[in-house]
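Chemist: In numbering that gives the first Met the number 0, the protein residues as written are 0 to 961. Think of the CB as a built atom: it goes at the ideal place given N, C-alpha and C, for glycine as much as any other residue. No experiment lies behind these values; they were computed from the predicted model shown.
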Amino acid sequence: MKLRRGNWFNLLARIVYGLLLPAGLLYVAMYSHYGLVRERQIMEWREKMRDSLDQISKYHSDDKYFHGMLQADFRRADSSARPMHECNRRLKYYKSRYPGMFRFTVYDSSGRIIDEMTDEKRFQYVFKGMHQVIASVKAHVAEVIIPYPDRLNDVRSRIGLLRGYFGQFLMEKHLSLPLLEGYLGSCIRASEEPEKALLWYQRLKNFTIVVFVHRDMIGRDIGPRLIVDRYNQQDTAIQLGLFDTQQMNVYGIDRHHNEMVIQANAYANSAVEFVENEHSLIFFRQISPRLIVFSLLDKQMNLIHPERATVEFMLRMIRWLILAAFLVFCVSLRSADFALSIRQKLLLLFLFANGLPMLILAATAYEFFEQKKNSLINATHDQSVRIIKQFDNGYPDGRERMAGLITDYVSEKNRQYGKRKWPDEEIESLKKFILTFNPGESYIYDCDGNQILHAGSEALPNSVKIIRDFFKGALEFFNHADADFVGARRTMLEKITDDSGLYAGVLEQLGNISPQNFGSGLRWTYLELLGDRSNHDSWGFLVISWRPGDLQRAFLNQHLEEVNRKISPRKLLVMEKGTETIFPLNAQHHRQVRNIMHLTQSRKLITENNLGLSGEHFVATSLVGIELSDAIIMTLYPSSLILGEIEELRRGVILAGLLSFFIVLVIVRFFSGRLLRPVNALSQGMRSIARRDFKYRIDYSSGDEFGGLTSAFNATIAGMHELAVGTAVQESLLPPGREHFGRVSLFARSIFMSKMGGDYFDYFKVDEQRFGVYFGDVAGHGIPAALVMSMAKAVVASSDEARKAGPAELLKSANSLFLHLKSRGWKRMMTALCLEVNHQTGEFRVANAGQCYPVVVSAVRDKVDYVKVVGMPLGSQARKPYSEISGRLMPGDSLILYTDGIIEATNAMGEAFDFARFDKLLLASWHADLETWWEGIYRGYQGWAAAQDDDITFLMLRYDND
């Protein structure tokens, strides 16, 4: 009962520690791995879902959508083989698809109106003027970074005429919008007339076109709906949809409508743009006060499921383990002696004991590297944000430095010339110096109100008189001595109309760049006196002004390159909001960079962990400028530096792991060597036994189980030495394997199951013409059987009278000995057969004591005859004496004596060899040489028998012709 309980406990321990615990640890490790894979997939899909909303975000408004649609269509027509034909075909398409919604005016390449393609037949003069304006603005847009159509003479001279037809809200500064690329441009809202709600035009290589869009095409979400439909028709996992916050309906998806209404309302209240629910991943974006656009992804179809993936992995592992076990089983079948050594088993135990912890360590290291990578990326973003803010906050300091440079230049010249007016060459040098700061306008006014310098892209040769008078008065005010100025009591009206307050305000801004408005809008302005300012004797007033974008651009041109040198390998980029011009201007900027910076305008901050640009990857951080209010600032940091740091850390961890593995392996080898020392000694002892070196002794002593085992081995090998001596004695009792008696050739062979066997054969001379053969098989094996065999040898050797009397008498004599031993308590039996042969005539007589019938194989090898002589085995109480049978061998005949070991041999299926197969084997393997014949018989036996489980002895004699 205790033994059975111990077996059950051992089985339970094997199941728990050998199967359940490793499987559980592997399951936890793989579940954690697939959980990280799922999180990474969610992040990747989030980026793709965000990007899928870019186009609809750019073209959601009617003026931008119709601009993008018309621009793309007519540019394709212009680049076709037959541009005018293709243009006309597209006009017909719009008129048939949207009847009465579009009105077109088309010019050829020389500016003539094409009547058959034009809807408006009147106002030819106005349309010709419009063509000139379009051509002028187009050329201006192609030349400058930031277009200012309001500065063009063609625009200023014709804007009144154009407003009379195209709409009273047509503004000069908007005239470049239809000519800008993609989402940067738009249609113009210039008229309240329904037929002219949107104005769009384009100057192309082969034609120029002007388009009016009807009011009924506006406010119907045509653009967003078409973009959604076109996107959803693609074979993509992401679906786009629209949610109308006023109508409370969803457009673009065919399922989960109610759920999407709830989620969209939740987004409208919380502004959480990325949502994960039971079925889907959803990315929201508000594109207008009324519309929310979203991208939808089915989680079940596109995300890995950690539980399912882990189970599938475990099933694959089980299949591979079953396959490996099957292969091992097949190898074991092909190799009967296949077995794992103790060293191999210890190695497997080491792998088992350390493999799973190493697997868990690898999974943990994988998580660690992922977390470390994310930590480094987040740290990079944080540092980039600090750099961006530092650069942004440096804009006011940059303005001060610009002002300081100008002030230093002016002060140096003022000290040089005092109150005298500067020479013309100095004024020209000042002009060149000022232009390095990219001003919009720059003027010098003298005490008489004369303009003696103008510089900058917007500077006018003759300033407005009110401006000249203002700075003339300012000079007079500043040159007035303080002693001559006496404050008097004044009425409120006098205070309001007095310019002194204005002049005093200007005085406070001298030497600084500050926002000022002198009638042309708010501009950044630098003011400084020229002359002997300390003695109130200035001869001129320097005025430099920038539009906000111009000053910002001047700051970028002066400081961006220097900053990039300092923060290398990080790179700083700045994009102007209006024109989306990216600085530095001399660098090539990718579309992905522009898209991210464009999205930053509405999202304030965007981080991109893996931005691919021309085969390289970067960590990108984009932020809206505060001081640089018209700018988006981005930093690019090479991902290779982060990956390099991770790779260096990974190499360190791998090296530490290999080192620890090596140390553990050395320790294991050390202890296994000590543990395997007695095992190796036992193995050496086994090899000594195989060499029949029974004098070998194991030199190992210990109080543990190995000590007892080696002691037992030494005692056993000592007994085997004695057994070897007995085996040698037994072998000496048997006669030689080959013998000749006259015309009879004889061959005998015994193969014992153990070192000592019970099979026996002997032959002796009876007289000059006769010889005898004694053949027997003692029941059992080993030493007892060998002792009985030796007694049988003694009987044969000592019974001269019995040998001469014949086979029956010799068996009777041997039986008497066995009966005597039986009476003394030794219960052993022996089958035997005694044969007497006349080697001259071939005559023979035979007596049998329970042995297998002798076999006679004829010379022609056509049959097998059994000499059927019977008798009781030796050691039994025979009721009648042993009988003899006589026979005669013909020349070439063979007579075979054999034990039952080959007849009773069984194969792997348990089938006995039997006499029928024995007969066929004798005939099939016959050979003229008796030993060769025996070898063929034995090979046939080996091919049949699964194992030798009995002694096998054959004695073969052949009666020859002479």
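What did DSSP end up calling Ala747 once you bin it into helix, strand or coil?
Modeler: Residue state, collapsed to three classes: strand.
Chemist: Can you tell me the Cβ-Cβ gap for Asp107 and Phe206, rounded? I've got them flagged as a contact below 8 Å.
Modeler: 6 Å
Chemist: Going by DSSP, what residues sit across from Phe540 in a beta bridge?
Modeler: Tyr444 and Leu528
Chemist: Let me check understanding here. Comparing Cα to Cα, which of Ser513, Asp536, Arg742 and Asn478 lies closest to Leu526?
Modeler: Ser513
Chemist: Out of Gly643, His32 and Ile625, point me to the one whose CA is closest to His616's CA.
Modeler: Distance from the Cα of His616 is smallest, within the candidate group Gly643, His32 and Ile625, for Gly643.
Chemist: Could you spell out where the alpha helix (DSSP H) holding Lys91 opens and where it closes?
Modeler: Pro82 to Arg96
Chemist: According to DSSP, simplified to helix, strand and coil, what is Gln450?
Modeler: Strand.
Chemist: Given Gln839, which residues of its chain have a CB within under 8 Å of its CB, disregarding the five upstream and five downstream residues?
Modeler: Gly741, Arg742 and Gln768
Chemist: If you draw a straight line from the alpha carbon of Gly884 to that of Arg686, how long is it in whole angstroms?
Modeler: Note that residue 884 is Ile in the sequence shown here, rather than Gly. So the two alpha carbons sit approximately 51 Å from each other.
Chemist: Considering only residues of the same chain and omitting the five flanking positions on each side of Ile144, which have a CB-CB separation below 6 Å?
Modeler: So the list reads Thr580, once near-sequence residues are dropped.
Chemist: Count the other CB atoms, across all protein chains shown, that sit within 10 Å of the CB of Arg13; report buried if there are 16 or more and exposed otherwise.
Modeler: Answer is exposed; the Cβ neighbour count stays below 16.
Chemist: For Gly166, count neighbouring C-beta atoms within 10 Å of its own C-beta (all shown protein chains included) and say buried if the count is 16 or more, exposed if not.
Modeler: It counts as buried.
Chemist: Is the CB-CB distance between Leu452 and Ile466 below 8 Å?
Modeler: no
Chemist: Compare the beta carbon distance of Leu302 and Arg45 with 8 Å and say whether it is the shorter of the two.
Modeler: no
Chemist: Helix, strand or coil: which one does DSSP assign to Ile716?
Modeler: helix
Chemist: Of all the alpha helix (DSSP H) runs that stay within the bounds of the region 259-338, which reach a length of 4 or more residues?
Modeler: 298-301 and 305-333
Chemist: Can you tell which of Lys91, Val125 and Asp536 has its C-alpha closest to the C-alpha of Met116?
Modeler: Lys91
Chemist: Answer yes if the region 239-249 comes into contact with the region 298-317, meaning at least three C-beta pairs across the two stretches below 8 Å, and no otherwise.
Modeler: no
Chemist: Between which residues of its own chain and Gly849 is the CB-CB distance below 7 Å, once the five residues before and five after are set aside?
Modeler: Thr830, Gly870, Met871 and Pro872
Chemist: Rounding to the nearest angstrom, what Cα-Cα distance links Glu626 and Arg398 in this structure?
Modeler: One C-alpha to the other measures close to 11 Å.
Chemist: Taking only the alpha-carbon atoms, compute the straight-line gap between Arg957 and Arg823 and give it to the nearest angstrom.
Modeler: 41 Å
Chemist: Taking Asp215 as the reference, which of Phe101, Trp199 and Arg916 has the closest Cα?
Modeler: Phe101
Chemist: Buried or exposed, going by whether 16 or more other CB atoms sit within 10 Å of the CB of Thr435?
Modeler: exposed
Chemist: Report back the beta-carbon spacing between Phe582 and Leu598 to the nearest angstrom; my notes put them in contact at under 8 Å.
Modeler: Incorrect: roughly 19 Å between the Cβ atoms, too far for contact.
Chemist: If contact is defined by three or more beta carbon pairs under 8 Å, each pair taking one atom from either stretch, is the region 850-865 in contact with the region 921-929?
Modeler: yes
Chemist: Leaving out the 5 sequence neighbours to the left and right, which residues in its chain are closer than 7 Å to Phe746 when beta-carbon positions are compared?
Modeler: Gly736, Arg737, Leu929, Glu930, Trp933 and Met955
Chemist: Assess, as a yes-or-no matter, whether the region 935-946 is touched by the region 901-908 under the definition of 3 or more beta carbon pairs within less than 8 Å.
Modeler: yes
Chemist: Got a sec? Which residues, its chain only, sit under 8 Å from Asp297 by beta carbon, not counting five neighbours each side?
Modeler: Ala236, His278 and Ser279
Chemist: Sorted by chain position, which residues of the same chain lie with C-beta nearer than 7 Å to Ser744's C-beta, five sequence neighbours on each side aside?
Modeler: So the list reads Leu929, Leu956, Arg957 and Asp959, once near-sequence residues are dropped.
Chemist: Roughly how many angstroms separate the alpha carbons of Tyr124 and Lys471, rounded to a whole number?
Modeler: 44 Å
Chemist: Can you tell which of Arg188, Gln557, Gln600 and Gln233 has the C-alpha that lies nearest to the C-alpha of Ile217?
Modeler: Arg188
Chemist: Output the distance between the C-alpha atoms of Ala813 and Ala793, rounded to the nearest integer angstrom.
Modeler: 9 Å
Chemist: Report the residue ranges of all alpha helix (DSSP H) runs contained in full by the region 834-869; include only those spanning at least 4 residues, in chain order.
Modeler: none
Chemist: Between Asn437, Asp766, Pro98 and Arg564, which has its C-alpha nearest Arg552's C-alpha?
Modeler: Asn437
Chemist: Assign Tyr865 to buried or exposed, taking buried as 16 or more other Cβ atoms, counted over all protein chains shown, within 10 Å of its Cβ.
Modeler: exposed
Chemist: In whole angstroms, what is the alpha-carbon distance linking Asn608 and Val618?
Modeler: 5 Å
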